[in-house]
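Residue numbers (our numbering), protein chains in the order written: chain A, 1 to 276; chain B, 1001 to 1275. Working notes for the structure below.
Quick look at the structure:
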């Protein structure tokens, strides 16, 4: 049986709404509970909506020195490692896109291997390395680690994009007197803005959300990033679920905005990146 | 990359061959003793069983559900943009935030899940989802699938975008039903994207740390740990605090993932590497 066009569209839209609800529901619970007074979280059976909307929870989180220092560390690590990863990925991706070198499959394999040597598997080795270098409890340690683990993915996205730029454009620039570096800076990079922005946002989000390395290397309370720091709101001794969720909402919102910005590039980025 | 991948990898192998004090001071080389001790750990068989269950069920369920989701999000309907944004949210939220959130949702007294299931009449009495040995793994698997869906769906969406429209047109002219078209046209052409989705998920899910770490936090011992959380407990948390033993397990873990990926790529006879 074939549905008529309007009926098909309506059925798809209804399915879409159900999917959206399923994905958002847990985070709606988080948002609503972040606005409840502590006593209301201890209601059994639980109510979905707060009876008293306690917006001051957010003021309390923002004033909290623990949250502030965690936010500072997270920003330093995410910005630093993104800058480092993109700065290293651009020349590496350009080189591999423009030169035929032995074994492109070897390169693909390298990307897979870095994914495999995930920070969690290497955490013992990483701890020993940074311990010997005296870099435990420094943002430098997290910046280096995140940049390295996000480098492969950034190269992956950028390489595919550089390869899609017609060589003739670069040859024309060289005829007009641009050197190799000049061509890269004045022709290739401006054309590649969408790909570079996508790679940068991916690196930023990965660093912003990283947990296990930060948990291991940042033992000093003042050096913990948001992912590790916010867990202090709920421990065996204190149960500030509303503050935990308030801090979580504040940590998530910028990432959702960044993701929404690159959503149009997400499909084409992954297509170009290897799903061919 | 050398400093943060190659060096720690080497340090890991070196550490797995040595003996360390509880405070992490190197004492002497012991050859393969750590590996032998690892095999003798009482918790190991259960941890390996948990890991196999965790990886196989999460990856399989994620890929199957993502195939359906990708098909839906590839179709054209009003509000598609908003649904795509909604699907991204668990990807954007850090795993630790989502894990903590589900600890709360699964809570015996105050959690919304028990309340909902009681109200719907599905349950007669509340369940201690994360404290009951019978439910904790299922509860963790559900969260594992939930957070793996967005990325996997987008990889498959990217795969669907590479299938040219005229192939579908040809199938339609031949009178193929939607299901036959899906089986005979879409799935074979989606194969490369499926391979990428499975391989990356195998790696990510095996190495996944925050979900099991957080949701299993209340339970003592290693009864519901995977190899990755077991490693972390050996190295930094439990009474063992054994760097050498943890390093040996780290080496085994990396080799296991490598073996799983190579085996999978062999079975599907992957030709995509040179593409």
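Even glycine gets a Cβ: it sits at the ideal position worked out from N, Cα and C. Given the structure is predicted, the values throughout are model-derived calculations rather than measurements.
Interface with chain B (8 Å Cβ-Cβ cutoff): residue 234 of chain A is included.
Beta-bridge partners of residue 1020 of chain B (DSSP): B:1026. Chain A places no beta carbon closer than 8 Å to that of residue 1163 of chain B, leaving this residue out of the contacts. Taken in chain order, the complete alpha helix (DSSP H) segments of 4 residues or longer contained in the stretch 1142 to 1228 of chain B are 1165 to 1173, 1178 to 1181, 1187 to 1207 and 1210 to 1215. Residue environment for residue 192 of chain A: buried (at least 16 other C-beta atoms within 10 angstroms of its C-beta). Our two residues, residue 1132 of chain B and residue 1214 of chain B, have alpha carbons roughly 15 Å apart in a direct line. Going by DSSP, residue 1077 of chain B is part of no alpha helix (DSSP H) at all; its letter is neither H nor E. Going by DSSP, residue 6 of chain A is part of the alpha helix (DSSP H) stretching over 5 to 33. Secondary structure at residue 234 of chain A: strand, using DSSP grouped into helix, strand and coil.
In its chain, beyond the 5 residues on either side, no residue has a beta carbon closer than 6 Å to the beta carbon of residue 10 of chain A. Note: residue 54 of chain A is not bridge-paired with any residue in the DSSP secondary-structure output.
Check the Cα spacing between residue 266 of chain A and each of A:157, A:190 and A:236: the tightest is with A:157. By the criterion of a C-beta distance shorter than 7 Å, residue 57 of chain A is surrounded in its chain by 34, 35, 242, 243 and 246, once the five residues flanking it on both sides are discounted. Short of 8 Å from the beta carbon of residue 1108 of chain B, and not among the five residues preceding or following it, lie these beta carbons of its own chain, in chain order: 1114, 1126, 1127, 1128, 1129 and 1131. Taking C-beta separations shorter than 8 Å and ignoring five residues to either side along the sequence, the partners of residue 84 of chain A in its chain run 143, 144 and 147, following chain order.
Excluding five sequence positions before and after residue 1181 of chain B, the CB atoms of its chain that fall closer than 6 Å to its own CB belong to 1171, given in chain order. Annotation: Cβ neighbours of residue 1105 of chain B in chain A (cutoff 7 Å, chain order): 26 and 29. Straight across, the Cα-Cα distance linking residue 1043 of chain B with residue 1179 of chain B is about 46 Å.
A residue is called buried when at least 16 other Cβ atoms come within 10 angstroms of its Cβ; residue 59 of chain A does not meet this threshold and is exposed. Just measuring C-alpha positions, the residue of B:1158, B:1083, B:1148 and B:1248 sitting nearest residue 1099 of chain B is B:1148. One finds nothing in chain A with a Cβ atom closer than 7 Å to the Cβ of residue 1070 of chain B; even the nearest lies about 10 Å away. Its chain contains 200, 203 and 204 as the residues whose beta carbon lies nearer than 6 Å to that of residue 82 of chain A, once the 5 sequence neighbours on both sides are disregarded; these appear in chain order. Segment contact: the stretch 1151 to 1161 of chain B against the stretch 1205 to 1222 of chain B, fewer than three CB-CB distances shorter than 8 Å; contact not assigned. In the DSSP assignment, residue 208 of chain A falls within the alpha helix (DSSP H) that extends over 193 to 209. About 6 Å separates the CB atoms of residue 1080 of chain B and residue 16 of chain A; that is less than 8 Å, so the two are in contact. Shown here for residue 54 of chain A: same chain residues with a beta carbon closer than 8 Å to its own, the five before and five after excluded, namely 35, 36, 37 and 242 in chain order. Counting C-beta atoms within 10 angstroms of its own C-beta, residue 1237 of chain B has fewer than 16 neighbours from the protein chains shown and is therefore classed as exposed.
If you draw a straight line from the Cα of residue 1264 of chain B to the Cα of residue 1198 of chain B, it is about 9 Å long. Within 10 angstroms of the beta-carbon of residue 225 of chain A lie 16 or more other beta-carbons, which makes it buried.
The alpha-carbon separation between residue 218 of chain A and residue 1258 of chain B amounts to approximately 29 Å. A Cβ of chain B is located within less than 8 Å of the beta carbon of residue 248 of chain A.
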